[in-house]
Amino acid sequence: MLFEKGPHGRDKVCGDGLTPRAVAALEELKIDLSPAHRIDGLRMIAGKKTRELLWPTTDRFPNHGAVWPRHRFDTHLIDVAIECGADVHFESEALPVLEGDRVVGVRSNGESWRAPLTILAAGAQGAAAKLVGAERDPNEPFGLAIRAYAPTPRHAERHLEACLSLRDEHGTPVPGYGWMFPAGDGTVNIGVGALSTMKGFRKLNLNALLDTYRAQVAGPWQLGPYLERPRAWRLPMSSRRRHGPGWVAVGDAAGLVNPMNGEGIDYGLESGMLASRLFVEDPATAPERYDRAVGERFDAFLATGRRFSFLIGHPLILRTGLRVAVGTQLAADITLEVMGNLVDTDAGPGGGGLSGRVLRVADRVLALADPVLRRTRAAA
Ligand SMILES: Cc1cc2nc3c(=O)[nH]c(=O)nc-3n(C[C@H](O)[C@H](O)[C@H](O)COP(=O)(O)OP(=O)(O)OC[C@H]3O[C@@H](n4cnc5c(N)ncnc54)[C@H](O)[C@@H]3O)c2cc1C
């Protein structure tokens, strides 16, 4: 049984980009990707440098991604769920019902439902998360991003475009990126996202940041006017808890967003699949096993990502890092693989090739530097 507070066909503010990792998760779910716009790689822009990259070839993930506007993508997913037997209640906000510290089900529209496992899949933390103590950790970074749709003759291109050298309207470097994600339907998803680790984050005006970025890309993309008002939302990158007696949190509700690229769809899919598989095996022990399994799969990478985000909160480090990241084609390829969490870590302890080695070194160095990074964080 699924409760959705929005109507059938609700939209979600998003860049709509699916990495090969997300495509792999959708393929595992046997979702037909033919309505999505196929994407072969990423055009990475930093200052005057542009690198055109193909998705890496690994044994674990396909070599293609996609752009699938969330309005259509999410509707497709929920319709598949309904076809598979899910009992979906739309326009039904649900809140967990607690008996002591155990979640025994939910309450929605004045009615209660009891369940052996309740899955909190409510997105960036709100009222439901608060009730079970699954709020964002205030000591960890998070992101904010804004997006709009605009017509462009380049809508059918098969590369995502990311401008890593983003600056606000005063010329201050912003840790984050501006994106142009062509949707293949006459439009492009244009947006900008920023990490909370930058100095002056609280004063950052996302609309102005988007306007500045738009001015930069409008010419080359022959952009038309926005089709709707730009909309912004949060990207949670931590959660105080992601399980407890009778419940687990998945996706954004569990803070599962990659701090290195803002990707969250894949993490929502993967954690959701894990939760349901473990529930089917044994509802009673599912929460503990889920927490362990999610931890094994994501915690080390996401911790490295959060440390990285403290690092690039410093403008000098950000500028130097960007120069290295796009300095050569090889460095850019490694950056794409590492930041997209596309390194084939299943290939064993020494696996994943050069990118695997870079990731392991980054893990170790950033873990050692963690206390300093947090102490010297650029004050908001
Ligand atoms: C501007 C922006 C751009 C982004 N771009 C990308 C991108 O290109 N690629 C990518 O992978 N990720 C991107 N992300 C992140 C991605 O959008 C999220 O990580 C992803 O949507 C998380 O999925 P979710 O199912 O956990 O939460 P959501 O997609 O937020 O879904 C949660 C659902 O729960 C419903 N809900 C909330 N509370 C309740 C309640 N109490 N009862 C019932 N229903 C409730 C909401 O209405 C919503 O439908 C972006 C995020 C932002 C803000």
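Read left to right, the sequence shown gives residues 26 to 405 (our numbering). Beta carbons: idealized from backbone N, C-alpha and C, even for Gly.
Ends of the alpha helix (DSSP H) at residue i?
i: I22; result: Outside the modelled stretch of the chain, which goes from 26 to 405, sits residue 22, for which no answer is possible.
i: E306; result: 290-306
i: P396; result: 378-400
i: V48; result: 45-53
i: W246; result: 231-246
i: R331; result: 325-336
i: A153; result: 152-156
Look at residue i and residue j and say whether their C-beta atoms are less than 7 Å apart.
i: S190; j: L347; result: yes
i: S117; j: P166; result: no
i: C39; j: R95; result: yes
i: L299; j: A318; result: yes
i: A149; j: F28; result: no
i: H268; j: P308; result: no
i: T82; j: D369; result: no
i: M285; j: M364; result: yes
i: G297; j: V282; result: no
i: A173; j: P255; result: yes
i: G216; j: A170; result: yes
Tell me, which residues are paired with residue i by DSSP?
i: P312; result: The partner list for P312 (beta bridge, DSSP) is empty, contrary to what the question assumes.
i: L220; result: G168
i: Y202; result: G218
i: K74; result: A71
i: S137; result: R132
By the DSSP assignment, the beta strand (DSSP E) with residue i in it spans what residues?
i: L142; result: Taken as a continuous stretch (DSSP letters only), L142 belongs to no beta strand (DSSP E), as it is neither H nor E.
i: H101; result: No beta strand (DSSP E) holds H101; the alpha helix (DSSP H) holding it covers 95-108.
i: L169; result: 168-176
i: V131; result: 127-133
i: L260; result: 256-260
Can you check whether the C-beta of residue i is within less than 7 Å of a C-beta belonging to chain D?
i: S264; result: Protein chain content of the structure displayed is limited to a single chain, and chain D is not contained in it.
Determine, using beta-carbon pairs with one atom in the stretch 115-132 and one in the stretch 30-48, whether at least three such pairs fall under 8 Å. yes
Assess contact between the stretch 299-313 and the stretch 142-149, defined as three or more Cβ pairs (one per stretch) separated by less than 8 Å. Is contact present? yes
The stretch 228-235 in contact with the stretch 82-99 per 3-pair CB rule at 8 Å: no
Indicate whether the contact test is met: 3 or more Cβ pairs, each with one atom in the stretch 348-367 and one in the stretch 73-81, closer than 8 Å. yes
For the pair the stretch 175-187 and the stretch 197-207, tell me if three or more CB-CB distances fall below 8 Å. Taking a contact to require three or more Cβ pairs closer than 8 Å, the stretch 175-187 and the stretch 197-207 qualify as touching.
Just checking, does the stretch 95-110 make contact with the stretch 389-400 on the three C-beta pairs under 8 Å criterion? no
Pair every Cβ in the stretch 40-55 with every Cβ in the stretch 309-326, then say whether three or more of these pairs are closer than 8 Å. no
Answer yes if the stretch 240-249 comes into contact with the stretch 125-140, meaning at least three C-beta pairs across the two stretches below 8 Å, and no otherwise. no
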